[in-house]
């Protein structure tokens, strides 16, 4: 995975990426409790989480999706790691 620097997205090259595995585990209640995090899927749910004041730890997008967000959207905040996958 390419490091995320200066707001540039990192690219996920494998489904066996440790962060992908850790994030996918959040579908399980026990993992959510242990990590103190939850998984939000979909643009509408992401907007609701942001509006509710949730802290975004990582943003997973498919290639080309980042451009769909307005320039003032938190997804363009360089402190949020953006991870991009072709799949």
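In the numbering used here, the protein residues as written are 6 to 92.
All C-beta atoms in this analysis are idealised placements derived from N, C-alpha and C, irrespective of residue type, glycine included.
Source: prediction; values computed, not measured.
- prompt: For residue 62, which residues from the same chain have a beta carbon less than 7 Å from its beta carbon, with the 5 sequence-adjacent residues on both sides left out?
  reply: So the list reads 42, once near-sequence residues are dropped.
- request: Assuming residue 44 and residue 28 form a contact by the criterion Cβ under 8 Å, report the distance between their Cβ atoms to the nearest whole angstrom.
  value: So it is a contact: roughly 6 Å between Cβ atoms.
field: Proximity below 8 Å, CB of residue 14 to CB of residue 88
entry: Annotated as proximal: residue 14 and residue 88, with beta-carbon spacing under 8 Å.
- prompt: Between residue 30 and the rest of its own chain, which residues show a CB-CB distance below 6 Å, the 5 nearest in sequence each way excluded?
  reply: The answer, listed in chain order, is 36.
- prompt: Using the rule of at least 16 other Cβ atoms within 10 Å of the residue's Cβ for burial, across every protein chain shown, is residue 26 buried or exposed?
  reply: Counting Cβ neighbours within 10 Å, residue 26 comes out exposed, since fewer than 16 surround it.
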